Amino acid sequence: MIAKPVILRHLNKLRWLVLTSIFLMLVLLPFIHLYQTYVAAHAYDLLYPNEKLIYDSMEWLTAPFVSDAEHDLDVIKGTTWSGNLFGLQISDPLAVLSQISASLSIYWPFVLTALVPLVVTAVLGRVFCGWICPATFIYELNDTLAGWLRRAGVPLGDKEFDKRTKYLVLAVGLVLSMLLGSVVTAAIYPPAIIGRELYYAIAQGGFGVGAVFFILTILFDLLVARRGFCRYVCAGGALYSLLGRYRLLRIQRVVSQCNDCKKCNVVCEFGLDPLQDGFGQECNNCTACIAVCPTDALEFRIAIKDIPYQGPGHLGQTYRRAEKAEAES
Amino acid sequence: MRRRAFLKRFGAYAALIFAAATPYGLVRLLAPKVYADPHRHIPLPGALPDIDAFNRACIGCGLCGEVCPPRCVEFEKREGADGLNTPYIDPAKKACILCNKCMEVCPTDALTITPIREIDMGIAQIDRAACYPWVGEGICGACVAICPLGEEAIGFEFANIYKPAVREGCVGCGQCVEVCPEPSLPIWIVNRSEGTVAKHGVAARRRSY
């Protein structure tokens, strides 16, 4: 038995920290832009009291880092759909793919902005979904809420659909982009919607139509299928699943440590089956199953494929009974 | 029996395709196509000249809006189906200052970096039946004073001092529109082909944007 690094058990907390900070960043950026426009206009004396509050708090937050707020704060801009990070342009692969199919031409400077996410997904799998996506932040909170409601006795939907539906959504989205001549996938892709709608709501005076769609997805998750949008509908998730199919880093079960308690299956937001080694391309390496495992039977390994079903866990009842029967016979 | 299985499978796939297309359909339904007032809906600097090509190229990331110092970039939030989340400028609210930031930040070719004098957002058009100096209601010249391009874009008519006239060098940034004190806004941004002086009549007011 190899001693397992303790950090593995705390990766899920780290993931929550990352998710929270990215979401807060998306809330902060529109305020920063408001502040920048006020600075550019030299308009402090003309601002309303609430705008002055924004100005003052943003000045307090950013003053230690920048000297020229109007220009220096441009280093982080955008959303997870497409953004600028200290001079590095990063775009969602779905944005690139949809734009190519909408315009039927390839604009290389834009395609190259998706290089970082492509490489990261090829190595680490669907980590965008589990570690970065601002919609995941809300959907997981929504799932926690659903758990409380269930415990309180409120009947909520827990239907299961075909997981391949999302690949169809992706395909239909790309074909429709081509036919309609506009990037329609952006309109139904929650991370893009969230970044955009937060900007609209904070800096542009009102939510757009995307907010309605996002609320519908939350209700779908709550009333129809647990984490249903990510599991069955999300076009971007489908693309990340395909890209991360042969990821190098994947969670695997150590059968000699497993006691068949099934906690990993219950906690898995994507409805996967770690108990029977069923991770597949949908696993987003979120580490929730690792965190919940009482016997440390799940760990990261470097492998291109999942291991086939290894049988019941060696610490479990089923295995010991079978072993005993074999010894007696 | 084989035919029944085939029909079953066919039905299942049809239902699946329908389910997959439903979100898009919802979006289309929620965002019906409406035609904006062309005077209050002008393209961004450096935008692809054809509005359809622009919609094909734009991914709706909102970066152009997020870097705009005067915050003049607005988005099709609730209206416009093909152009959902695409940017435009309403010069009567807030005009472009030709700072180039949106062109530099745009990840796609929807906005491309263009020298200031080659930008074509349209051209300012003056309605001489409504402009204060042109109808003899005193002197103004606010539009001339604020123009970032100066004499080559807008100046005073020769021997008609304080009566503004738009020149061919105008790129359509709309600062004159924003600053105009006359409530009826006698100055607009229009397509270059429509000329710099408003012709009265129904047809002259329409623009293909």
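Top line first, the protein sequences correspond to chains A and B.
Plus 1295 on top of the position in the first sequence (first one is 1) and you've got the numbering used here.
Plus 54 on top of the position in the second sequence (first one is 1) and you've got the numbering used here.
Glycine included, C-beta positions come from ideal geometry on N, C-alpha and C.
Just so it is clear, the structure is predicted and the values come from calculations on it, not from any experiment.
Closest by C-alpha distance to residue i, when choosing among the options
{"i": "Ile1585 (chain A)", "options": "A:Ile1599, A:Ile1597, A:Leu1570", "result": "A:Leu1570"}
{"i": "Gly1378 (chain A)", "options": "A:His1305, A:Ala1487, A:Gly1566", "result": "A:Ala1487"}
{"i": "Ala1520 (chain A)", "options": "A:Thr1460, A:Ala1530, A:Glu1455, A:Val1549", "result": "A:Glu1455"}
{"i": "Gln179 (chain B)", "options": "B:Ile167, B:Tyr78, B:Ala207, B:Tyr216", "result": "B:Ala207"}
{"i": "Glu172 (chain B)", "options": "B:Ala111, B:Asp163, B:Thr250, B:Pro103", "result": "B:Pro103"}
{"i": "Lys1308 (chain A)", "options": "A:Ala1583, A:Tyr1604, A:Arg1421", "result": "A:Ala1583"}
{"i": "Ser1551 (chain A)", "options": "A:Leu1511, A:Gly1503, A:Gly1539, A:Tyr1614", "result": "A:Tyr1614"}
{"i": "Lys1461 (chain A)", "options": "A:Arg1445, A:Ile1433, A:Leu1440, A:Tyr1527", "result": "A:Tyr1527"}
{"i": "Arg110 (chain B)", "options": "B:Ala146, B:Ala184, B:Gly137", "result": "B:Gly137"}
{"i": "Leu1368 (chain A)", "options": "A:Ile1385, A:Val1334, A:Asn1437", "result": "A:Val1334"}
{"i": "Lys1558 (chain A)", "options": "A:Val1587, A:Leu1537, A:Ala1530", "result": "A:Val1587"}
{"i": "Phe1508 (chain A)", "options": "A:Ile1489, A:Arg1446, A:Trp1376, A:Gly1532", "result": "A:Ile1489"}
{"i": "Ile1626 (chain A)", "options": "A:Leu1444, A:Leu1319, A:Pro1603", "result": "Past the edges of chain A, shown from 1296 to 1624, lies residue 1626 (chain A), and the structure says nothing about it."}
{"i": "Gly1523 (chain A)", "options": "A:Glu1564, A:Gly1448, A:Val1411", "result": "A:Glu1564"}
{"i": "Leu152 (chain B)", "options": "B:Pro169, B:Arg94, B:Ala73", "result": "B:Pro169"}
{"i": "Gln1576 (chain A)", "options": "A:Val1422, A:Gln1499, A:Ala1409, A:Leu1537", "result": "A:Leu1537"}
{"i": "Leu1380 (chain A)", "options": "A:Gly1501, A:Gln1612, A:Ile1317, A:Trp1403", "result": "A:Ile1317"}
{"i": "Leu1407 (chain A)", "options": "A:Lys1372, A:Ser1386, A:Asp1438", "result": "A:Ser1386"}
For residue j and residue i, the rounded distance between their alpha carbons
{"i": "Glu232 (chain B)", "j": "Gly209 (chain B)", "result": "17 Å"}
{"i": "Ser247 (chain B)", "j": "Val225 (chain B)", "result": "13 Å"}
{"i": "Glu222 (chain B)", "j": "Met175 (chain B)", "result": "13 Å"}
{"i": "Leu1419 (chain A)", "j": "Cys122 (chain B)", "result": "36 Å"}
{"i": "Ala101 (chain B)", "j": "Tyr1330 (chain A)", "result": "26 Å"}
{"i": "Leu1399 (chain A)", "j": "Ala1592 (chain A)", "result": "48 Å"}
{"i": "Ala66 (chain B)", "j": "Lys253 (chain B)", "result": "60 Å"}
{"i": "Tyr1343 (chain A)", "j": "Thr1332 (chain A)", "result": "14 Å"}
{"i": "Ser1624 (chain A)", "j": "Ala1617 (chain A)", "result": "11 Å"}
{"i": "Lys131 (chain B)", "j": "Lys62 (chain B)", "result": "41 Å"}
{"i": "Leu1475 (chain A)", "j": "Ala1481 (chain A)", "result": "13 Å"}
{"i": "Ala75 (chain B)", "j": "Gly1468 (chain A)", "result": "8 Å"}
{"i": "Tyr263 (chain B)", "j": "Gly249 (chain B)", "result": "Bear in mind that a pLDDT of 44 at Tyr263 (chain B), under 50, signals an unreliable position, so the number given afterwards is only what the model happens to contain. Roughly 16 Å between the two C-alpha positions."}
{"i": "Ala258 (chain B)", "j": "Ile1497 (chain A)", "result": "Because Ala258 (chain B) carries a pLDDT of 49, less than 50, the predicted location of this residue cannot be relied on, and no value is offered for it."}
{"i": "Val1415 (chain A)", "j": "Arg58 (chain B)", "result": "46 Å"}
{"i": "Thr1357 (chain A)", "j": "Tyr78 (chain B)", "result": "40 Å"}
{"i": "Ala68 (chain B)", "j": "Phe60 (chain B)", "result": "12 Å"}
{"i": "Leu1410 (chain A)", "j": "Leu1383 (chain A)", "result": "11 Å"}
{"i": "Met1353 (chain A)", "j": "Gly1500 (chain A)", "result": "18 Å"}
{"i": "Pro1359 (chain A)", "j": "Gly1373 (chain A)", "result": "22 Å"}
Nonlocal neighbours in the same chain, by C-beta distance under 6 Å from residue i, ignoring five residues either side
{"i": "Gln1394 (chain A)", "result": "Val1478"}
{"i": "Met1473 (chain A)", "result": "Ser1396"}
{"i": "Glu6 (chain B)", "result": "Residue 6 (chain B) falls outside the range modelled here, since chain B spans only 55 to 263, and no answer is possible."}
{"i": "Ile96 (chain B)", "result": "Ile143, Met175, Gly176, Ile243"}
{"i": "Val127 (chain B)", "result": "Cys118, Gly119, Pro141"}
Residues near residue i in its chain [Cβ-Cβ closer than 7 Å; skip 5 each side]
{"i": "Tyr186 (chain B)", "result": "Gly192, Cys194, Glu236"}
{"i": "Asp1568 (chain A)", "result": "Asn1560"}
{"i": "Gly1574 (chain A)", "result": "Going by the sequence as given, residue 1574 (chain A) is Phe instead of Gly. The answer, listed in chain order, is Arg1545, Ile1546, Leu1567, Asp1601."}
{"i": "Leu1493 (chain A)", "result": "Leu1321, Val1322, Pro1325"}
{"i": "Leu165 (chain B)", "result": "Leu98, Gly100, Ala101, Cys118, Cys156, Met157"}
{"i": "Cys197 (chain B)", "result": "Ile208, Pro218, Cys230, Val233, Cys234, Ile241"}
{"i": "Ile113 (chain B)", "result": "Thr162"}
{"i": "Cys1424 (chain A)", "result": "Thr1431, Cys1525, Gly1532, Tyr1535, Asn1579"}
{"i": "Trp188 (chain B)", "result": "Arg182, Lys217"}
{"i": "Lys1458 (chain A)", "result": "Arg1526, Tyr1527, Glu1577"}
Contacting residues, own chain, Cβ-Cβ under 8 Å from residue i (five flanking each side not counted)
{"i": "Leu1534 (chain A)", "result": "Pro1388, Leu1389, Leu1392, Leu1465"}
{"i": "Leu70 (chain B)", "result": "none"}
{"i": "Ala1530 (chain A)", "result": "Leu1389, Lys1461, Val1464, Leu1465, Gly1468, Thr1480, Ile1483, Tyr1484"}
{"i": "Ile1401 (chain A)", "result": "Ile1395"}
{"i": "Met1296 (chain A)", "result": "With a pLDDT of only 48 at Met1296 (chain A), under the threshold of 50, the placement of this residue in the model should not be trusted; the figure read from the coordinates follows. Only Ser1551, Gln1552 meet the Cβ criterion."}
{"i": "Gly1503 (chain A)", "result": "Arg1491, Glu1492, Tyr1495"}
{"i": "Ile167 (chain B)", "result": "Gly100, Asn154, Met157, Glu158"}
heavy atom of the ligand GDP below 7 Å from residue i C-beta
{"i": "Glu236 (chain B)", "result": "In the structure on display, the ligand GDP does not appear, and there are no ligands present to speak of."}
| request: Name, going along the chain, the residues of the stretch 1397 to 1415 of chain A whose beta-carbon falls closer than 9 Å to a beta-carbon of chain B. | output: Ala1397, Ser1398, Leu1399, Ser1400, Tyr1402, Pro1404, Phe1405, Thr1408
| Between the stretch 1334 to 1346 of chain A and chain B, which residues of the former have a C-beta closer than 8 Å to a C-beta of the latter? | Ala1335, Ala1336
| query | Counting Cβ pairs, one atom from each stretch, are 3 or more of them under 8 Å apart for the stretch 1599 to 1619 of chain A and the stretch 1414 to 1429 of chain A? | reply | no
| query | Does the stretch 1585 to 1598 of chain A come close enough to the stretch 1527 to 1545 of chain A that 3 or more CB-CB pairs lie under 8 Å? | reply | yes
| query | Taking contact to mean at least 3 C-beta pairs separated by less than 8 Å, is the stretch 1511 to 1528 of chain A in contact with the stretch 133 to 149 of chain B? | reply | no
| So, do the stretch 1340 to 1350 of chain A and the stretch 88 to 99 of chain B have three or more beta carbon pairs nearer to each other than 8 Å? | no
| message | Between the stretch 1306 to 1316 of chain A and the stretch 1335 to 1342 of chain A, can you find at least three pairs of beta-carbon atoms closer than 8 Å? | response | no
| Cβ contact check for the stretch 1358 to 1365 of chain A and the stretch 106 to 116 of chain B: 3 or more pairs under 8 Å | no
| task | Scan the stretch 106 to 121 of chain B for residues whose Cβ lies nearer than 9 Å to a Cβ of chain A and list them as they occur along the chain. | result | Asp106, Ala107, Asn109, Arg110, Ala111, Cys112, Ile113, Gly114, Cys115, Gly116, Leu117, Gly119, Glu120, Val121
| Listed from N- to C-terminal order along the chain, which residues in the stretch 1369 to 1386 of chain A have their beta-carbon within a distance smaller than 8 Å of any beta-carbon of chain B? | Asp1369, Lys1372, Gly1373, Thr1374, Trp1376, Ser1377, Gly1378, Asn1379, Gln1384, Ser1386
| message | Please list, in chain order, the residues of the stretch 201 to 224 of chain B that have any C-beta partner in chain A closer than 9 Å. | response | none
| request: Return the residues of the stretch 1476 to 1506 of chain A that lie within a Cβ-Cβ distance of less than 8 Å from chain B, sorted by chain order. | output: Gly1476, Ser1477, Val1478, Val1479, Ala1481, Ala1482, Ile1483, Ala1487, Gly1490, Arg1491, Tyr1494, Tyr1495, Ala1498, Gln1499, Gly1501, Phe1502, Gly1503, Val1504, Gly1505
| Contact set between the stretch 69 to 97 of chain B and chain A, restricted to residues whose Cβ is under 7 Å from the partner | Leu70, Ile71, Ala73, Ala74, Ala75, Pro77, Tyr78, Leu80, Val81, Leu84, Ala85
| said: Residues of the stretch 150 to 172 of chain B in Cβ contact with chain A at a cutoff of 7 Å, in chain order, please. | reply: Val159, Pro161, Thr162, Asp163
| Using a beta-carbon distance cut-off of less than 8 Å, what residues from the stretch 1579 to 1610 of chain A approach chain B? | none
| What are the residues of the stretch 1522 to 1538 of chain A that lie near chain B, defined by any Cβ-Cβ distance shorter than 8 Å? | Val1528
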